[in-house]
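From first to last, the protein sequence lines are chains A and B. For reference, each letter of the first sequence is one residue, going 7 to 410 in the working numbering. For reference, each letter of the second sequence is one residue, going -12 to 387 in the working numbering. Positions of the beta carbon are idealized from the N, C-alpha and C atoms, including for glycine. Worksheet: one structure, shown below.
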Amino acid sequence: MSTTEVSPTALKPPQSSVNVVTLLRQNLFNGWINSLITVVLGWLVITVLYQVVNWVFTDATWAPIVTNLRLFWVGRYPETVLWRVQACLALVLLLFGLSGGLWGGVVRAVASGLAALMVLLALLPFGGGMRLYLAGTALLLGAGFVGGLRFPRLLRWPTIMLWLLSPLIVILLIRGFVTWSVIPFVDTGLWGGLLLTIFLAVVGIVASFPLGVLLALGRRSKLPVVKGFCVAYIELIRGVPLITVLFMAMLMLPLFLPPHVRVDNLVRVLVAITLFSAAYLAENVRGGLQSVPNGQVEAARALGLNVFQSTVLIVLPQALRAVIPAIVGQFISLFKDTSLVSLVGLTELFGIARGVIEQPEWITVTGGVQREVLIFVGLIYWIFCFSMAQISRRIETRLGVGTR
Amino acid sequence: MASSGLSAEQHRPVPFYRNVKVLAVLAQIAFLVLIILLFWILYSNMIRGLRIANIPLDFGFLDDTAGFAIGETSIAYQPADTYARAFAVGVVNTLRVAGLGIILATILGTIVGIGRLSNNWLLRNVAAAYVAIFRNTPLLVQLIFWYIAVIRRLPRVRNAWGINGVILASNRGLAVAWPAAAESYRTWEPWLWMGLVIGVLAFVARRWQLARMDRPGSALPHAFLAAGLTVLIGALIVFATTGTLPLTIGQPVLGGFNFTGGAVLSPEFFALLLGLTIYTAAFIAEVVRGGIQSVNKGQVEAARALGLSPSQTLRLVIFPQALRVIIPPMTNQYLNLTKNSSLGVAVAFPDMFNVSSTIINQSGRSVQMFALIMASYLSVSLLTSLLMNLYNNRIRLVER
């Protein structure tokens, strides 16, 4: 192929004039309205930032957070058996490492992010063996990553099996056994802090998944009774706030059960969150079901698949794939909504925060320590939700939702 | 041909267990039986439990004396009033905070949403930071933060912030200047009704005129102008005859231990309103941004080519088209805000849910109260959906 001749008389492309002054003019001071906005907003931002930074480094009392750090992470979970929580975290991180090595894309990005987080936490001045533990988990994650990268064929199925088993392992390990003294029973009333927050959100989304899919399928069913029931359930639950469902579970669940059955408070809350979340999940899945072209079902029927087979093998895989971002979005809102369980007496992250604010040690601090504690807790929530939102966005671009 | 073989096969009766229609009916009956069985078990357990606890399952208790005080009442209420009255106070409080919150969140959210698309680097990033911060932290944390870490820690009434006579913020709440009725208000009242009548008449007349001229346009500006003029003339006549204006501006000023004059928002109401507004505005901003971005770029270019200014382009070309995309998710946000107002229970604001839970604690009638709460939220949701759907139908693209 011949290259195109550049005629000597042709004009050169204009010099890109990137200098600070033009950049400022184009982006901040084009027109008097924009200049005014820039000046006012700039003054505001600088004042607020100055005040905040000043407060963080001079006036704020961070002692309540430093001394209660364990409460924030795990609540009143006994210190002697804390290794069980640590083991669970290590297991999950190992699984993330393995998955990151085995599969590329978003999973790999998540694994790298977690590794970075662990390294960062290990650099913070925690006391005792904590830093060693954090560095160890980071190494474990890295080892998993390398292993997954090196031996993909060997480790693929063990990883998948371990992922599927992990919820059971985690729950059993954290709860313990009444009859087995090696891993003694820990009352659910002692679970708390970030541990309980994550537990509630994960169990809520996982447990509501089958129910939500069934409700979505039921809503699209041709059988009027089934459809009517599903529509009524979904609209009823979506019409009321979560807090009413939580209070109902607390006050009315015992009423609906036989008198001798006593239900653990945590289980009541989990039932409420699951029933609530299922209705929202059903609507998300319904969106996915609607996005599967009719031709797919017709082709499946033409191939001789029955209704059950065509739903499970053809429609659902495509529908669920399309709603992954929506489900991550729902997980984020569920994660935020878990803060409501503090209103029915559970001590998850926010419940712990309210407890710490009330601690008598901080009465001498003028005005109390509400700001410090609430900002710290808010920051933890924010880190989780914001990073999950970024993950959701990445999945969305990878799936090409809206561009295909 | 093969069709003869087929038809011979069709004559053989299909066994009922292969007949799709029969199977469908059977499946539904089975489903119904299962559901009824489940509900029957739950119901019989409940009845037994209620009998043991000696709590009847009727709504008669609503006429009993409530006996508790409510901190904030928009309609007259005393502890000697009935439970029904207390519940009504809660409903009004919920509607008040939700209605005001919806208006404020829409304004703030629209500003932030447009700001995110500004060509001003600073504005764009401040708006993005706003959305990122407030969307990704729980509303409850924000609410408690506003309540105990900001409003409760404002200066005492004596050293309240703000401009005396216009707006004052203290740990007793927010006081703003607000119109108040003067002695001559009664004589002015007929003018208000007249203004309403004249406004409606002007609306109808203008509508008819527009239809006759076959021109597009809204009759609302004329109607508001006519009504406003009538009311204003009325006020002047009242002033001329009685010597006082029918409305005075109630100004908040410091007096003793609290404000006097003006409208005072209690710290609880203020915190709830602030939290709901700021949180929901972050979501509305994303809705608005999505709506604006959904408008075809060619529309903007065409508008600019026709010589419309940027603000005209936004107002006349982009917004009307974006609105069609915005309305359904906006409805969702309004419903969320209304439902989230139940978090007022965390800042001791006596909304419907808070009052109901007090009633439950006192009377033990949890089943009835939850039925009442659910019915109330559902009707508010349905009403909002209905109104927004009506509006949506009006602005929808009319296809010929």
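Pick from the options that is closest to residue i, judged by C-alpha positions
| i | options | result |
| --- | --- | --- |
| B:A206 | B:L188, B:I138, B:A168 | B:L188 |
| A:I386 | A:R226, A:V347, A:G373, A:F341 | A:F341 |
| B:P125 | A:V62, A:C391, A:V72 | A:C391 |
| A:V246 | B:F190, B:Y4, B:N323 | B:N323 |
| A:M256 | A:L123, A:A328, A:A278 | A:A278 |
| B:G36 | A:P264, A:V383, A:S398 | A:P264 |
| B:D51 | B:F190, B:G102, B:R202, B:A67 | B:A67 |
Rounded straight-line distance, which links the Cα of residue j to that of residue i
| i | j | result |
| --- | --- | --- |
| B:Q280 | B:S105 | 12 Å |
| B:G86 | B:R111 | 29 Å |
| B:Q427 | B:A162 | In this structure chain B extends from -12 to 387, so residue 427 of chain B is not present and cannot be described. |
| B:M339 | A:E364 | 27 Å |
| A:G335 | A:Y56 | 34 Å |
| B:A258 | B:G88 | 11 Å |
| A:N40 | A:V27 | 16 Å |
| A:W109 | A:F102 | 10 Å |
| A:L99 | A:I320 | 33 Å |
| A:W388 | B:V304 | 37 Å |
| A:G119 | A:L168 | 21 Å |
| B:I135 | B:N341 | 18 Å |
| A:L355 | A:R162 | 35 Å |
| B:R194 | B:Y378 | 18 Å |
| A:W197 | A:V112 | 31 Å |
| B:W133 | B:V334 | 10 Å |
| B:S372 | A:R244 | 13 Å |
| B:L25 | B:R352 | 23 Å |
| A:G351 | A:L281 | 19 Å |
| B:G453 | B:L301 | The structure shown has nothing for residue 453 of chain B, since chain B only spans -12 to 387. |
| A:G210 | A:I249 | 15 Å |
| A:V362 | A:L75 | 10 Å |
| A:L47 | A:V208 | 40 Å |
Residue i in three-state terms, based on DSSP
| i | result |
| --- | --- |
| A:W68 | coil |
| A:W109 | coil |
| A:R400 | helix |
| A:L322 | helix |
| A:W169 | helix |
| B:S157 | strand |
| B:A67 | coil |
| A:F235 | helix |
| A:V269 | coil |
| A:F183 | strand |
| B:T231 | coil |
| B:A147 | coil |
| B:L252 | strand |
| A:P190 | strand |
| B:M(-12) | Model confidence at B:M(-12) stands at a pLDDT of 44, short of 50, so the residue's coordinates are unreliable; what they give is reported in the following sentence. In this structure, B:M(-12) counts as coil in the three-state DSSP scheme. |
| B:T124 | coil |
| B:T52 | strand |
| A:V87 | helix |
| A:P299 | coil |
| B:A114 | helix |
| A:P131 | coil |
Beta-carbon spacing of residue i, residue j below 7 Å
| i | j | result |
| --- | --- | --- |
| A:A115 | A:A144 | no |
| A:F262 | B:N32 | yes |
| A:L2 | A:T194 | Nothing about residue 2 of chain A can be reported from this structure: the residues present for chain A run from 7 to 410 only. |
| A:I175 | A:G182 | no |
| B:V274 | B:I224 | no |
| B:V218 | B:G249 | no |
| A:Q384 | B:V332 | For clarity, residue 384 of chain A is Gly in the given sequence; the question names Gln instead. Cβ distance not < 7 Å, so A:G384 and B:V332 don't count as in contact. |
| A:L179 | A:C236 | no |
| B:T264 | B:A92 | yes |
| A:A128 | A:R137 | yes |
| A:S398 | A:P331 | yes |
| B:G149 | B:A272 | no |
Residue i Cβ short of 6 Å to the ligand SAM heavy atom set
| i | result |
| --- | --- |
| B:S105 | As for the ligand SAM, it is missing from this structure, which has no ligand bound. |
**Asked** Are three or more beta carbon pairs between the stretch 271 to 291 of chain A and the stretch 220 to 228 of chain A nearer than 8 Å?
**Response** yes
**Asked** Using 8 Å as the threshold, is the stretch 158 to 173 of chain B in touch with the stretch 127 to 147 of chain B, meaning 3 or more CB pairs across them?
**Response** yes
**Message:** Would you call the stretch 65 to 72 of chain B in contact with the stretch 35 to 52 of chain B, where contact means no fewer than 3 C-beta pairs closer than 8 Å?
**Reply:** Touching, yes.
**Prompt:** Counting Cβ pairs closer than 8 Å, one from the stretch 61 to 76 of chain A and one from the stretch 375 to 384 of chain A, do we hit at least three?
**Reply:** The stretch 61 to 76 of chain A and the stretch 375 to 384 of chain A touch, with no fewer than 3 CB-CB distances between them shorter than 8 Å.
**Request:** Examine the Cβ distances between the stretch 52 to 62 of chain B and the stretch 345 to 360 of chain B and report whether three or more of them are shorter than 8 Å.
**Result:** Result yes; three or more Cβ-Cβ pairs closer than 8 Å.
**Message:** Whether or not the stretch 281 to 289 of chain B and the stretch 355 to 365 of chain B are in contact is what I'm after, with contact meaning three or more pairs of Cβ atoms, one per stretch, closer than 8 Å; do they touch?
**Reply:** no
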